[in-house]
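When the sequence shown is numbered by the UniProt record's numbering, its final residue is 692 and no position is left out of the sequence of numbers. We treat Cβ as the ideally placed atom computed from N, Cα and C, and that holds for glycine. None of the values given here were measured: they were computed from a predicted structure.
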Amino acid sequence: MRFTFTLLTFFLVTTFGFAQKALFNDTFQDDTNKWTYNGDGFDSKVDDGKLILENKHATNSKWRYISITQNTEVVDFDIEATITLDKTPNDYATYGLVWGMYSDNSDYRVVQLSANNQIQIYHYYGKEFHYGKKWTASKNVGGKGKKNKIKVEKRANTFKVYVNGVLEHQTGDNSYYGTSFGFIVDAGVTVEVEDLKITEQPFSIKVVEEFNPNLKMVKLPETVSSPTIEEANPVISADGTILYFDRKENPLNVESPKDDIWYSVKDKNGNWSEAKNIGRPLNNRDNNFVISSSPDNNTLLLGNKYASDGVSPNGGGVSIAQKGQSGWEIPKDVVIEDFINTNGYVGYFLSNDNKNLLMTVERPEGLGLKDIYVSFVKEDGTFSKPKSLGNVVNTFEDEANPFLASDGKTLYFASKGHPGYGQFDLFVTKRLDDSWTNWTIPENLGNIINSPLYELSIFLSAKGDKAYIGKQRDIWEVDNTVKQDPVVLVKGKVYDAKTKEILSAKIEYNNLKTNKMIGTAISDPKTGSYSIVLPYGFNYSFMADKENYYAITQNVDLSNLKEYKEMEVDLYLTPIEKGAIIRLNNIFFDSGKYDLLSESFAELDILFGLLKDNKNIKIEIAGHTDAVGSDVANMELSKNRANSVQKYLLGKGISSDRIVAKGYGETKFIAPNTTEEGKQLNRRVEFVILEK
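What follows is the structure, given as structure tokens:
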């Protein structure tokens with residue numbers, strides 16, 4: 001197809017501040033805008049409220065367009081025109097609206113209609129036609145003699161096309177727009193145009209309130225961002241000390257040119273070490289990459305599936321790898337109920353509590369292309385059927401690569417469907433309740449992080465002060481200005497309380513108010529190290545869990561947490577054996593009283609589980625106090641508190657001959673009563689294993 005171009009220039013000075021205003025409006029009552037043209041078989045004239053375009057050329061399509069001096073890349077607008085096909089040489093001759101054209105005609109967009117009621121939409125650039133919609137029959141398109149009102153709504157990178165009031169096409173796959181608008185008519189075609197109108201709309205990119213235009217993106221040093229090799233998909237550990245990423249086509253990769261997982265460690269001075277290949281079995285003969293890292297640094301969510309030999313790939317999907325005594329173990333498949341993805345791409349993220357798996361997939365019930373869904377872990381370790389996050393987060397276009405911050409509420413993701421600066425932009429939204437469908441309106445992270453190109457993923461540590469982004473073949477760091485709810489990063493080691501040996505164990509943490517387990521972790525088999533992230537607002541208990549051991553639980557009250565903190569808390573496991581004395585740290589009473597508070601139930605249910613699963617165990621519940629108050633009162637209080645614990649366990653069905661309750665008052669101190677810390681240690685409830 002050959003095109004002949006004719007150009008009119010219409011200069012318009014606009015003032016900003018209005019909700020919307022006309023950039024251009026021609027009702028063709030006169031030829032003020034000088035549409036008249038005659039030459040090379042093409043006539044253009046204004047006649048009584050109509051622009052008549054008559055193409056008499058035997059083969060060439062003809063154009064007529066207006067150039068408006070307006071920066072269309074930072075202004076949103078609507079284009080409307082009514083076109084009637086008056087003459088056509090055949091049923092498949094075409095005509096349409098041209099918009100977003102650059103003056104050199106190398107880049108333009110067309111909404112094209114045909115005499116036989118079809119529509120086509122394309123974007124010409126790079127000397128190629130890129131079709132948003134190829135020729136398709138539409139009942140909304142009128143034929144010869146019928147008026148067709150075409151409307152294009154441009155909102156940042158997205159646009160929608162309507163014909164006669166009905167949505168025909170929408171896309172977020174655009175970012176550059178020229179300033180020319182007009183019409184195309186096929187050879188032998190005559191059309192009549194009525195009322196060409198271009199209306200400016202308020203620019204639609206909703207940028208985060210905390211956006212700082214002075215932000216600087218800093219490329220990580222060559223120890224990470226090598227000068228000749230592409231690095232992508234950065235994943236930072238919760239404590240901010242380990243950075244995972246994938247290197248592409250590196251000769252040092254295990255299976256070059258496949259992508260391999262590499263990592264770098266930050267030293268005490270804040271410097272990133274020379275990156276290392278993570279090796280087998282995480283790098284196999286497939287493309288390998290880390291999706292997320294659990295706060296304990298002992299679990300990784302990985303792309304694709306792994307064969308049991310630790311070398312061969314096992315197809316698409318997602319896997320979990322954990323550390324063993326000898327390093328990383330062969331990753332295991334993640335099983336998701338009713339998993340469907342009809343798209344060629346997929347994204348995942350596993351929340352810090354290891355209970356919520358976010359994913360971007362295309363499913364039949366979705367809103368368009370890839371949407372963000374969440375699956376919840378089940379008792380058997382598999383994940384539930386994906387649940388859509390709803391139409392506040394998801395759009396008609398692609399969403400990609402979700403990242404849930406450590407507060408469990410702040411969600412970052414890439415999208416083409418929300419108005420942005422480029423093909424994919426990064427956005428943030430906040431979860432408002434536990435339905436996972438109630439979110440704040442997503443906000444764009446701004447044009448320091450986002451560009452006219454592709455920004456596909458972002459990752460933050462638990463502190464949330466720095467963000468890591470893969471961009472321009474390198475890894476970049478930038479200050480994060482988006483406010484997140486504060487969290488505490490709890491770190492420590494797991495020990496045998498009797499021998500003080502390091503143990504590998506499962507870590508569990510509960511909401512003491514609801515008596516609900518809200519997350520898990522594991523400790524490193526070699527070092528016993530663990531870490532968990534606890535969001536603000538609740539009182540938590542946490543403990544290690546291992547067969548043949550009883551956990552000494554810890555608690556932390558984050559009801560009034562104002563900012564990010566880190567804590568060191570070692571966890572102890574007591575062997576379940578005769579004579580063992582185990583403190584119940586999370587038993588709560590009001591001052592001077594003995595009625596159990598509801599926050600105690602989580603701790604007591606653990607003890608109940610021990611007694612239920614071990615029918616021969618008999619215990620003594622022992623109440624103790626500090627030295628404040630009289631001996632008689634303290635003895636009575638300690639006895640009543642021990643009785644309250646006994647009563648709770650009896651009420652759960654434990655036989656009375658298996659539980660003895662005693663009060664010791666202030667007769668068995670374990671610390672001096674001269675400090676508040678010592679007094680607190682002396683105020684305790686313990687149990688002693690009498691028989692096993």
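Using DSSP bridges, identify the partner residues of residue i.
i	result
R583	E686
M635	None, per the DSSP bridge assignment.
T574	Y550
I79	V152 and I198
P525	Partner(s): none; P525 has no beta bridge.
D474	K471
K160	E153 and Q170
G49	G49 pairs with nothing; no bridge assigned.
A400	A414
N510	M517 and S541
T429	L411
K276	Y263
Q120	Q112
N356	F376
S388	Y373
I532	V490
Is residue i near the ligand ADP, going by C-beta to nearest heavy atom under 7 Å?
i	result
K516	As presented, the structure is devoid of all ligands, the ligand ADP included, so that no description of it is given.
Have a look at the options and flag the residue whose alpha-carbon is nearest the alpha-carbon of residue i.
i	options	result
N298	I79, D47, L282 and G324	G324
K216	V193, S225 and A467	A467
E329	R247, D524 and S226	D524
S256	N643, L681, I229 and D590	I229
D86	K146, I66, V490 and S451	K146
G579	S600, Y550, A93 and E599	Y550
Q29	G39, Y37, G41 and K45	K45
F77	F181, T190 and I198	I198
G303	D309, P331 and K276	P331
P535	A238, N38 and P89	A238
S591	F608, R641 and N450	R641
residue 772	K219, N548 and N682	Here the chain has residues from 1 to 692 only, and residue 772 is not among them.
Q170	V75, H418, E636 and L357	H418
N548	E577, N271 and Y572	E577
L220	E636, R473, F588 and L604	R473
Y573	D595, A521 and I507	Just to set this straight, residue 573 is Leu in the shown sequence, not Tyr. Among D595, A521 and I507, the Cα nearest to that of L573 is on I507.
L300	L282, S308, N314 and G315	L282
Could you name the residues of the same chain whose beta carbon sits closer than 6 Å to that of residue i, not counting the 5 residues immediately before and after it, in chain order?
i	result
G678	A671 and P672
N401	G347, A414, L456 and S457
L196	D26 and A81
N287	K258 and D259
T410	K430 and Q484
F5	With a pLDDT of 42 at F5, under the threshold of 50, the modelled position of this residue cannot be trusted; read the value that follows with caution. W63 and N105.
S504	S523 and P525
I336	S375 and F383
N515	F601 and A602
K149	T82 and N164
With 8 Å as the threshold, decide whether the Cβ of residue i is near any Cβ in chain C.
i	result
D104	The chain inventory of the structure shown lacks chain C, comprising one protein chain alone.
Which same chain residues, not among the five before or five after residue i, have their C-beta less than 8 Å away from its C-beta?
i	result
F339	V361 and P386
T14	Any reading at T14 must be qualified, since the residue scores a pLDDT of 35, below 50, and its modelled position is unreliable; no value is offered.
T481	V208, E210, F211, N212 and L215
K491	D239, S529, Y530, S531, E566, M567, E568 and V569
F424	D398, A400, A414, S415, K416, Y454, E455 and L456
Kindly list the residues whose CB is nearer than 7 Å to the CB of residue i, restricted to its own chain and excluding five residues on each side of it in sequence; keep chain order.
i	result
F18	Low per-residue confidence applies at F18: pLDDT is 46, beneath 50, and the placement is therefore not dependable enough to give any value.
F16	At F16 the pLDDT is 37, less than 50, meaning the model places this residue with poor confidence; the figure from the coordinates comes in the next sentence. No residues qualify anywhere along the chain.
D333	K305, G317 and S319
E92	Checking the sequence shown, residue 92 turns out to be Tyr, not Glu. Excluding positions up to five away in sequence, the list reads S114, A115 and N116.
A627	E666 and N673
G182	W63, R64, Y65, I66 and V98
K668	H624
S638	G623, H624, T625, G663, Y664 and G665
A137	N117 and Q118
K206	I441, E443 and N444
Item to complete: Give a yes or no on contact between the segment 432-450 and the segment 376-393, applying the rule of three or more CB pairs nearer than 8 Å.
Response: Short answer: they touch.
Discussion item. Does the structure place the segment 44-58 close enough to the segment 116-129 that three or more beta carbon pairs sit under 8 Å?
Written reply: With the cut-off at 8 Å, the segment 116-129 and the segment 44-58 do not touch.
Item to complete: Indicate whether the contact test is met: 3 or more Cβ pairs, each with one atom in the segment 25-40 and one in the segment 158-166, closer than 8 Å.
Response: Because the criterion of three Cβ pairs below 8 Å is not met, the segment 25-40 and the segment 158-166 do not touch.
Fill in: contact_flag[the segment 679-690, the segment 613-620] where n(CB pairs < 8 Å) is 3 or more
Under the Cβ criterion (8 Å, minimum of three pairs), the segment 679-690 counts as touching the segment 613-620.
Discussion item. Across the segment 553-570 and the segment 526-539, are there enough close Cβ pairs to call them in contact, namely three or more that are closer than 8 Å?
Written reply: Flag = yes, the segment 553-570 and the segment 526-539 touch.
Discussion item. Is it the case that the segment 490-501 contacts the segment 259-277, given that we only count it when at least three CB pairs across the two stretches are under 8 Å?
Written reply: Verdict: no, contact absent.
Worksheet item: Hey, is the segment 225-243 in contact with the segment 289-297, meaning 3+ C-beta pairs nearer than 8 Å?
Response: Touching, yes, given that three or more Cβ pairs across the two stretches are closer than 8 Å.
Item to complete: Could you pull out every unbroken alpha helix (DSSP H) segment of at least 4 residues lying fully inside the segment 597-623, listed in chain order?
Response: Entirely contained in the segment 597-623, the alpha helix (DSSP H) runs reaching 4 residues are, in chain order, 601-613.
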